[in-house]
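Asker: Here the protein sequences line up with chains A and B, keeping their order.
Using our numbering, you'd call the opening residue of the first sequence number 155 and step up by one each time.
Using our numbering, you'd call the opening residue of the second sequence number 155 and step up by one each time.
We treat Cβ as the ideally placed atom computed from N, Cα and C, and that holds for glycine.
2 protein chains.
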Amino acid sequence: MNEERLSAVFAALADPTRRGIVARLATGDATVGELAAPYDVSVQAISKHVKVLEEAGLVSRSRDAQRRPCHLEADVLDLMTGWIERYRRQAEERFQRLDTLLAELQQGQDDTREGAAS
Amino acid sequence: MNEERLSAVFAALADPTRRGIVARLATGDATVGELAAPYDVSVQAISKHVKVLEEAGLVSRSRDAQRRPCHLEADVLDLMTGWIERYRRQAEERFQRLDTLLAELQQGQDDTREGAAS
DNA sequence: ATCTTTCTCAACCTCTTGGTTGAATAAGGT
DNA sequence: ACCTTATTCAACCAAGAGGTTGAGAAAGAT
Numbered sequence: 155m156n157e158e159r160l161s162a163v164f165a166a167l168a169d170p171t172r173r174g175i176v177a178r179l180a181t182g183d184a185t186v187g188e189l190a191a192p193y194d195v196s197v198q199a200i201s202k203h204v205k206v207l208e209e210a211g212l213v214s215r216s217r218d219a220q221r222r223p224c225h226l227e228a229d230v231l232d233l234m235t236g237w238i239e240r241y242r243r244q245a246e247e248r249f250q251r252l253d254t255l256l257a258e259l260q261q262g263q264d265d266t267r268e269g270a271a272s
Numbered sequence: 155m156n157e158e159r160l161s162a163v164f165a166a167l168a169d170p171t172r173r174g175i176v177a178r179l180a181t182g183d184a185t186v187g188e189l190a191a192p193y194d195v196s197v198q199a200i201s202k203h204v205k206v207l208e209e210a211g212l213v214s215r216s217r218d219a220q221r222r223p224c225h226l227e228a229d230v231l232d233l234m235t236g237w238i239e240r241y242r243r244q245a246e247e248r249f250q251r252l253d254t255l256l257a258e259l260q261q262g263q264d265d266t267r268e269g270a271a272s
């Protein structure tokens, strides 16, 4: 279901240039040319990166004369944190249970030792 | 910096099979063989996937006879949520500011209209 | 009408990725 | 010693990613 979307978003953010673009867009909308300025690659390359972000749903675009301002769709980021947090929490809980289990076993061993002493 | 690490982690989770492996490991440690069982690919392929997760720091492994149990390192997930949340929050705040700015402009326009009426 | 700016499309190249199979290694079990 | 189990290494392959350059389209500016 969301699996495909999730793959697209993770893949989009796996590239440092694209993360840079996202970071830039978090401070405000920008055109492709503006986004390209800090990087040592062609505008076409940045245009491709933006397209990837757009297809992942992380970026939307409007029109202003020749320009195509890019806008960060921050909601999509929640999709990721949702996925990540789910498993982080699950692992955490399991860890807690394991921890208390070990504590209980430890307690039981103490009891046994007390019993043996009587 | 952390940039390389971040790229590795995002890239690792961009693959649905690897996300499945992470999801499985969140419920408890498992061997490569066990991880491979649900999938319709060779054990070697899963072994490669685990290696990718390992190099991203998401998985660690110990030894138990021939087996190499895999363990989810949930801490690394925080690295991602940290990055994501940072920019989500930043975008959110900017949105808030823009929103109040628009409200103020609206208010100013109302004032002007009142002034013109007098 | 023509020129300029901004951006995308198309073709191409190289390196990486995810998969395969077959052989090798590691560690027990009999 | 020999066989079995669990995992990895090596070589290979097809497809995709990220880059390039060159040409084309879209929309103003003169």
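(1) If you drop the 5 nearest sequence neighbours on each side, which residues of the same chain put their C-beta closer than 6 Å to that of A190(B)?
(2) Can you tell me the Cβ-Cβ gap for A168(B) and S161(A), rounded? I've got them flagged as a contact below 8 Å.
(3) Can a CB atom of chain A be found closer than 8 Å to the CB of I238(B)?
(4) With H, G and I counted as helix, E and B as strand and the rest as coil, what does DSSP make of V213(A)?
(5) Which residues in chain A have a C-beta closer than 9 Å to the C-beta of G211(B)? List them in chain order.
(6) Going by C-alpha to C-alpha distance, which of C224(A), T235(A), H225(A), D253(A) sits closest to F164(B)?
(7) Rounded to the nearest angstrom, what separates A271(A) and Q263(A) at their Cα positions?
(8) Would G211(A) pass as a contact of R248(A) if the rule is Cβ separation under 8 Å?
(9) Looking at C-beta atoms only, is the number of pairs between the region 237-246 of chain A and the region 211-222 of chain B that lie closer than 8 Å three or more?
(10) Any beta carbon from chain A within less than 8 Å of L226(B)'s own beta carbon?
Answerer: Looking at the atomic coordinates:
(1) V197, I200.
(2) Rounded, the Cβ-Cβ distance is 6 Å, consistent with contact.
(3) Yes, its Cβ sits closer than 8 Å to a Cβ of chain A.
(4) Strand, per DSSP.
(5) Those do not exist, as G211(B) stays about 14 Å from chain A at its closest Cβ, beyond 9 Å.
(6) With distances taken between Cα atoms, F164(B) lies closest to T235(A).
(7) Per-residue confidence for A271(A) stands at a pLDDT of 46, beneath the threshold of 50, marking its modelled position as unreliable; the derived number appears in the next sentence. Linking A271(A) to Q263(A) through their CA atoms gives a straight-line distance of about 12 Å.
(8) In this structure, R248(A) does not lie closer than 8 Å to G211(A) by Cβ.
(9) No, the region 237-246 of chain A is not in contact with the region 211-222 of chain B.
(10) Judged by the 8 Å Cβ criterion, L226(B) is in contact with chain A.
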